[in-house]
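Chains U and F supply the protein sequences, listed in that same order. Its first residue numbered 1, the first sequence is counted upward by one per residue in the numbering used here. Its first residue numbered 1, the second sequence is counted upward by one per residue in the numbering used here. From the three backbone atoms N, C-alpha and C, an ideal C-beta is built for every residue, glycine too. For clarity, every value in this text was computed on a predicted model and none was experimentally measured.
Number of protein chains: 2
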Amino acid sequence: MNDGSASPHRPPRTDLTQITEAVAAADADAFVAVGDRFDDDLRYLTRAAGSDRASALVVTPSEDAGGRAVYCVPSALRERAERRFVEAARDRDGGFHDSISREVRTDRAGDHAGERATGVVRDLIGDAGGDGTALVPASIPHDAAVYLERAGNELASTDAVATARSLKTDAEIDRLGRIQRAAVAGVSRARTVLAESAVEGARPTGDDRPDRRPALRWDGSPLTAERLRRAVNVALAAEGVGDAGDTAIGVGGSATSHRRAGTTDIRPGETVVVGVSPRGPDGYHGDLTRTFVVDGDGGWERRASVAVEAAREAALAEVEPGTPVATVGGEAAAELAAYGFDPNPEPGEAGATGEPVRGVGLSRCEAPSGGTELRPGHVIAVEPGVRDPTVGRVRLGDLVVVTDDGYEPLAEHPLGIAPEPR
Amino acid sequence: MNDGSASPHRPPRTDLTQITEAVAAADADAFVAVGDRFDDDLRYLTRAAGSDRASALVVTPSEDAGGRAVYCVPSALRERAERRFVEAARDRDGGFHDSISREVRTDRAGDHAGERATGVVRDLIGDAGGDGTALVPASIPHDAAVYLERAGNELASTDAVATARSLKTDAEIDRLGRIQRAAVAGVSRARTVLAESAVEGARPTGDDRPDRRPALRWDGSPLTAERLRRAVNVALAAEGVGDAGDTAIGVGGSATSHRRAGTTDIRPGETVVVGVSPRGPDGYHGDLTRTFVVDGDGGWERRASVAVEAAREAALAEVEPGTPVATVGGEAAAELAAYGFDPNPEPGEAGATGEPVRGVGLSRCEAPSGGTELRPGHVIAVEPGVRDPTVGRVRLGDLVVVTDDGYEPLAEHPLGIAPEPR
Numbered sequence: 001m002n003d004g005s006a007s008p009h010r011p012p013r014t015d016l017t018q019i020t021e022a023v024a025a026a027d028a029d030a031f032v033a034v035g036d037r038f039d040d041d042l043r044y045l046t047r048a049a050g051s052d053r054a055s056a057l058v059v060t061p062s063e064d065a066g067g068r069a070v071y072c073v074p075s076a077l078r079e080r081a082e083r084r085f086v087e088a089a090r091d092r093d094g095g096f097h098d099s100i101s102r103e104v105r106t107d108r109a110g111d112h113a114g115e116r117a118t119g120v121v122r123d124l125i126g127d128a129g130g131d132g133t134a135l136v137p138a139s140i141p142h143d144a145a146v147y148l149e150r151a152g153n154e155l156a157s158t159d160a161v162a163t164a165r166s167l168k169t170d171a172e173i174d175r176l177g178r179i180q181r182a183a184v185a186g187v188s189r190a191r192t193v194l195a196e197s198a199v200e201g202a203r204p205t206g207d208d209r210p211d212r213r214p215a216l217r218w219d220g221s222p223l224t225a226e227r228l229r230r231a232v233n234v235a236l237a238a239e240g241v242g243d244a245g246d247t248a249i250g251v252g253g254s255a256t257s258h259r260r261a262g263t264t265d266i267r268p269g270e271t272v273v274v275g276v277s278p279r280g281p282d283g284y285h286g287d288l289t290r291t292f293v294v295d296g297d298g299g300w301e302r303r304a305s306v307a308v309e310a311a312r313e314a315a316l317a318e319v320e321p322g323t324p325v326a327t328v329g330g331e332a333a334a335e336l337a338a339y340g341f342d343p344n345p346e347p348g349e350a351g352a353t354g355e356p357v358r359g360v361g362l363s364r365c366e367a368p369s370g371g372t373e374l375r376p377g378h379v380i381a382v383e384p385g386v387r388d389p390t391v392g393r394v395r396l397g398d399l400v401v402v403t404d405d406g407y408e409p410l411a412e413h414p415l416g417i418a419p420e421p422r
Numbered sequence: 001m002n003d004g005s006a007s008p009h010r011p012p013r014t015d016l017t018q019i020t021e022a023v024a025a026a027d028a029d030a031f032v033a034v035g036d037r038f039d040d041d042l043r044y045l046t047r048a049a050g051s052d053r054a055s056a057l058v059v060t061p062s063e064d065a066g067g068r069a070v071y072c073v074p075s076a077l078r079e080r081a082e083r084r085f086v087e088a089a090r091d092r093d094g095g096f097h098d099s100i101s102r103e104v105r106t107d108r109a110g111d112h113a114g115e116r117a118t119g120v121v122r123d124l125i126g127d128a129g130g131d132g133t134a135l136v137p138a139s140i141p142h143d144a145a146v147y148l149e150r151a152g153n154e155l156a157s158t159d160a161v162a163t164a165r166s167l168k169t170d171a172e173i174d175r176l177g178r179i180q181r182a183a184v185a186g187v188s189r190a191r192t193v194l195a196e197s198a199v200e201g202a203r204p205t206g207d208d209r210p211d212r213r214p215a216l217r218w219d220g221s222p223l224t225a226e227r228l229r230r231a232v233n234v235a236l237a238a239e240g241v242g243d244a245g246d247t248a249i250g251v252g253g254s255a256t257s258h259r260r261a262g263t264t265d266i267r268p269g270e271t272v273v274v275g276v277s278p279r280g281p282d283g284y285h286g287d288l289t290r291t292f293v294v295d296g297d298g299g300w301e302r303r304a305s306v307a308v309e310a311a312r313e314a315a316l317a318e319v320e321p322g323t324p325v326a327t328v329g330g331e332a333a334a335e336l337a338a339y340g341f342d343p344n345p346e347p348g349e350a351g352a353t354g355e356p357v358r359g360v361g362l363s364r365c366e367a368p369s370g371g372t373e374l375r376p377g378h379v380i381a382v383e384p385g386v387r388d389p390t391v392g393r394v395r396l397g398d399l400v401v402v403t404d405d406g407y408e409p410l411a412e413h414p415l416g417i418a419p420e421p422r
């Protein structure tokens, strides 16, 4: 999986022969992708971050060489596209590492990206192509698809990009490890803030239910979920990574709909789920979740924590090549049930998607999933959790990379629910 | 433009009659949108942040009431969707503010969102619809469009959502003002860091060209573009907003491709363009750009700064209802030319898109643009700039809201290039 681009100063490289081979296997003429800066397929294929305006990529096998790739971008993107799509893909001798030649085009930049892609397809496959077939990701924008079809191209959808993205190279695993270490810094900051928090300057209410106790105070004022979220995001920013809008602080068991998220005071004995999924400069996501309780009473949250730790262990023990993704999540659920917890009390409690196991990379949620068998190079989040709406919730989430005979965690953070100072 | 939801604790409200009227005007039966959490049309229409899995929205006029809107989400999204799409759209009496009834569906959550939307269209328009017409945004995912077409629906594209989004309500302007004030805090932090930086502990090289001078030092070590970026992002995080991956620090005139972005030392006399476009909790973007020079020699950067300030003034003087967006940018360009600068030295130098004037809202780049005439409620970024690759670049960017007789800035930050301490 060494792709020769482990240097942090250049983007990981994408082997576009994965695409030309899919084109050949489907007896198609070209692969076409169209999307804006939120399109992670294009980001993977081009290694450029894209633009608010749609760009297009056309890849074709060619007889005389490995193939050709043309990236049509808005003018504003030319320099970055040249640098990241073309120059970063060159070997020292100036050739392209995968023998697919790359070029950036900014002509007809005012036209729709689908129209530009159609022109490039015509240009590259010419008469040889005739009424050819273009492989496209299934969710290509409809207007782009219509441009291609009107020009006589048959469209066939492909999951070649999703599959390629799911199998991480060494350089990608390096980036995922870096961002996951930043995620550790973010969660550690939450742990420290909670460890530094105490009940002071407030009289007990005489009611010992957690949500009636006086709030924790930190740095001179009540500790709210929003203050904790900001502290985490400041720590992430100091690491040089963005929170990607995905730092979530879940207090207690009730849904945030019933307890206004930002202004919720955090009280002793309440479960505090801290989930972060920062994004690094090359676009890769981390994913780490821990649960803390300040001054817990050793009741439900202790039992839940033991069960979730056991579920995590059981799930991770299944992680190896050949195991279907769903089996890993199933192991976690079975273990939670064995401990007497409802393994699926609320669809979607487990992080971004409701699934306790999912692929992570340029997207926070990508392949592999479901029945797909794990392969070396898959990077997955394993994230079991339980929730009792009247008491609390506990969740533990980690990123691991599948190896030849098991897995390796991408970074480590203690599991305990008592927030120890750093 | 008061929509009764100016409270910061609830999302701005979207008047879905803008959609039912478009459906009626096109003699169509329903409006359908499909997208994931990066789809800002869906975010606008539903006020929910979406999910990594695609969701679908179907809106139909109805004879007995104003209309119906059904939001099909993954199970994981139900609580948030109910809260933000349904509950936040109710008036005190429990009715919907725009007389469009709203519901969230999580049935068939395993099916493709396009398939679910197709089922809802059949359900809502029934036999009355027959082989109906569905209005869709032009860039609806192709696979979703195919589901709709195969079920007998004709598709027609609409820009009703883009138009509705471009006309901001009071509550939306309130959110944009908040996030723009956070943007001011971010740029102010950069200004402070630069004001605190100095040349010390380093001997002059004897060569007075800016890029040969000793680097600035801040807080004990050389000030790099990456350190400045982190300081800005820490300030944004402390304000409770995310940098959205869009904080850009441009040092000098040469492209970052030639001077490795993150590790570039900042030197006295070099132009430093600081551009931020943070995103707030309701999804709205700020947009602010300033240029600083530490210890400038009063040469090119002073002349450029005078020209760009004049261009900014000239452009803003054109901002009023009835003026085409392109005219505002044209005024800036004419003024730069009058000062002897190439108004378009490098396509795309102006921020996100290469256009000196563009709409900003849930997307960093949205309507209005080009020949569209300004209307009250449009929020636009006005961002003139110049660049000489051998010397430096200067850019000033602000967000303003179009009013009945001109414009109001959404927040203010000084224009000067000498970084004064706060």
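In the stretch 360 to 387 of chain U, which residue ranges form an unbroken beta strand (DSSP E) of at least 3 residues, counting only runs that do not cross its ends?
Scanning the stretch 360 to 387 of chain U from its first residue to its last, the whole beta strand (DSSP E) runs of 3-plus residues come out as 379 to 382.
Using DSSP with H/G/I as helix, E/B as strand and the rest coil, what is G67(F)?
Translated into positions along the second sequence, residue 67(F) becomes position 67. Taken through DSSP and simplified to helix, strand or coil, G67(F) comes out as strand.
Cβ neighbour criterion (16 or more within 10 Å) applied to R37(U):
Residue 37(U) sits at position 37 when you count from the first residue of the first sequence. It counts as buried.
Identify the continuous beta strand (DSSP E) that holds V59(F) and give its terminal residues.
Locating residue 59(F) in the second sequence gives position 59, counting from the first residue. Segment S55 to T60, the beta strand (DSSP E) holding V59(F).
Measuring CB atoms only, is the stretch 108 to 128 of chain U touching the stretch 15 to 34 of chain U, in the sense that at least three cross pairs come out at less than 8 Å?
The answer is yes - the stretch 15 to 34 of chain U touches the stretch 108 to 128 of chain U, with three or more Cβ pairs under 8 Å.
First and last residue of the uninterrupted beta strand (DSSP E) at E149(U):
As a working note, residue 149(U) is residue 149 in the first sequence. Element bounds for E149(U): not the beta strand (DSSP E) but the alpha helix (DSSP H), H142 to R150.
Taking the straight line between their C-alpha atoms, what separation do you get for G177(U) and G283(U)?
Numbered from 1 along the first sequence, position 177 holds the residue referred to as residue 177(U). Numbered from 1 along the first sequence, position 283 holds the residue referred to as residue 283(U). Each residue's Cα considered, the two are about 13 Å apart.
Run through chain C and tell me which residues come within less than 8 Å of G242(F), C-beta to C-beta.
Among the protein chains of the structure shown, namely U and F, there is no chain C.
Contacting positions in the stretch 136 to 153 of chain U - beta carbon closer than 9 Å to chain F
Listed in sequence order: V136, P137, A138, S139, I140, P141, H142, D143, A144, A145 and V146.
Using a Cβ-Cβ cut-off of 6 Å (strictly less than) and excluding sequence neighbours within five positions of A350(F), which residues of its own chain qualify?
Reading the second sequence from its first residue, position 350 is the one you call residue 350(F). Annotation note: pLDDT 40 at A350(F) (below 50); position unreliable, coordinate value reported separately. These residues qualify, in order along the chain: P356, E383 and G385.
My parser needs the alpha helix (DSSP H) runs of 4 or more residues fully inside the stretch 149 to 237 of chain F; what are they?
With a minimum length of 4 residues, the continuous alpha helix (DSSP H) runs that stay inside the stretch 149 to 237 of chain F are 160 to 166 and 170 to 196.
Would you mind sorting T390(U) into buried or exposed? The rule is 16 or more other CB atoms within 10 Å of its CB.
Translated into positions along the first sequence, residue 390(U) becomes position 390. Under this definition T390(U) is an exposed residue.
Opening and closing residue of the alpha helix (DSSP H) in which D39(F) lies:
Along the second sequence, read from residue 1 onward, the residue named residue 39(F) stands at position 39. Taken as a continuous stretch (DSSP letters only), D39(F) belongs to no alpha helix (DSSP H), as it is neither H nor E.
So, helix, strand or coil for V276(U), using DSSP?
Here residue 276(U) corresponds to residue number 276 of the first sequence, with the count starting at 1. Of the three classes helix, strand and coil, the one that applies to V276(U) here is strand, per DSSP.
In terms of alpha-carbon separation, which member of N153(U), A56(U), N233(U) and R358(U) lies closest to G330(U)?
Here the question's residue 330(U) lines up with position 330 in the first sequence. Nearest option by C-alpha distance: R358(U).
Option nearest K163(U) by Cα separation, candidates L396(U), T372(U), A198(U) and V276(U):
The residue given as residue 163(U) occupies position 163 in the first sequence. Note that residue 163(U) corresponds to Thr in the displayed sequence, not to Lys. T163(U) has its Cα closest to that of T372(U), out of L396(U), T372(U), A198(U) and V276(U).
Beta-carbon contacts of D3(F) that lie in its chain and below 6 Å, excluding the five residues immediately before and after:
The residue given as residue 3(F) occupies position 3 in the second sequence. Unreliable placement is indicated for D3(F), whose pLDDT of 43 sits below 50; no coordinate value is reported for it.
When A54(U), R189(U) and A326(U) are compared against R227(U), the one with the closest alpha-carbon:
Counting from one through the first sequence, the residue named residue 227(U) turns up at place 227. Nearest Cα to R227(U) within the set A54(U), R189(U) and A326(U): R189(U).
Are any of the Cβ atoms in chain F nearer than 9 Å to that of E331(U)?
Taking the first residue of the first sequence as position 1, residue 331(U) is located at position 331. No, its Cβ sits nowhere closer than 9 Å to a Cβ of chain F.
Given a cut-off of 9 Å on the beta-carbon distance, is the pair R78(U) and R47(U) in contact?
Taking the first residue of the first sequence as 1, we reach residue 78(U) at position 78. Taking the first residue of the first sequence as 1, we reach residue 47(U) at position 47. Not a contact, by the Cβ cut-off of 9 Å.
Distance cutoff 9 Å, beta carbons only. Does L155(F) sit that close to anything in chain U?
Within the second sequence, numbered from 1, the residue matching residue 155(F) stands at position 155. Yes, contact with chain U.
Might you give, ordered along the chain, the residues of its own chain that have their beta carbon closer than 8 Å to the beta carbon of D27(U), omitting 5 neighbours on each side?
Start at 1 with the first residue of the first sequence, and residue 27(U) comes out as number 27. The residues are T133.
Between which two residues does the alpha helix (DSSP H) harbouring I19(F) extend?
Mapped onto the second sequence, residue 19(F) falls at position 19. First-last of the alpha helix (DSSP H) with I19(F): T17 to A25.
So does the stretch 98 to 106 of chain U actually touch the stretch 64 to 71 of chain U, counting three or more Cβ pairs closer than 8 Å?
Contact between the stretch 98 to 106 of chain U and the stretch 64 to 71 of chain U is present: three or more C-beta pairs spanning the two stretches fall below 8 Å.
Please confirm whether R364(F) has its beta-carbon closer than 9 Å to some beta-carbon of chain U.
The count along the second sequence starts at 1 and reaches residue 364(F) at position 364. R364(F) counts as touching chain U.
For R102(U), list the residues DSSP reports as bridge partners.
Stepping through the first sequence from its first residue, residue 102(U) is reached at position 102. DSSP lists A69(U) as partners of R102(U).
Where E196(U) and A418(U) are concerned, what is the direct C-alpha to C-alpha distance, given to the nearest angstrom?
Start at 1 with the first residue of the first sequence, and residue 196(U) comes out as number 196. Start at 1 with the first residue of the first sequence, and residue 418(U) comes out as number 418. When the Cα atoms are used, E196(U) and A418(U) turn out to be separated by approximately 12 Å.
Nonlocal neighbours in the same chain, by C-beta distance under 7 Å from R425(F), ignoring five residues either side
Because chain F spans 1 through 422 in this model, residue 425(F) falls outside it and cannot be assessed.
Complete runs of the beta strand (DSSP E) confined to the stretch 265 to 350 of chain F [at least 3 residues]:
Secondary structure remark: continuous beta strand (DSSP E) runs of at least 3 residues inside the stretch 265 to 350 of chain F, in chain order: 271 to 276 and 288 to 293.
What are the residues in the stretch 265 to 296 of chain U lying within 8 Å of chain F by C-beta distance?
Per Cβ criterion, the list reads R279 and P281.
Chain U contacts made by the stretch 220 to 231 of chain F, where a contact means CB separation under 7 Å:
The stretch 220 to 231 of chain F vs chain U, Cβ under 7 Å: E226 and R230.
For chain F, is any of its Cβ atoms less than 9 Å away from the one on R395(U)?
Sequence index remark: in the first sequence, residue 395(U) carries index 395 (1-based). No, because no Cβ of chain F sits closer than 9 Å to the Cβ of R395(U).
I'd like to know whether the C-beta of D107(U) is nearer than 9 Å to at least one C-beta of chain F.
If you number the first sequence from 1, residue 107(U) lands on position 107. So no, D107(U) is outside the interface.
Who does D398(U) pair with in a DSSP beta bridge?
Within the first sequence, residue 398(U) is the residue found at index 398, counting from 1. In the DSSP assignment, D398(U) forms a beta bridge with V382(U).
Please report how far the alpha carbon of G296(F) lies from the alpha carbon of R191(F), in whole angstroms.
For the purposes of this step, residue 296(F) is taken as residue 296 along the second sequence, with counting starting at 1. For the purposes of this step, residue 191(F) is taken as residue 191 along the second sequence, with counting starting at 1. Those two C-alpha atoms are separated by around 14 Å.
Of the choices S305(F), D404(F), L288(F) and V328(F), whose alpha-carbon is the least far from that of R364(F)?
Taking the first residue of the second sequence as position 1, residue 364(F) is located at position 364. Closest in alpha carbon position to R364(F), among S305(F), D404(F), L288(F) and V328(F), is L288(F).
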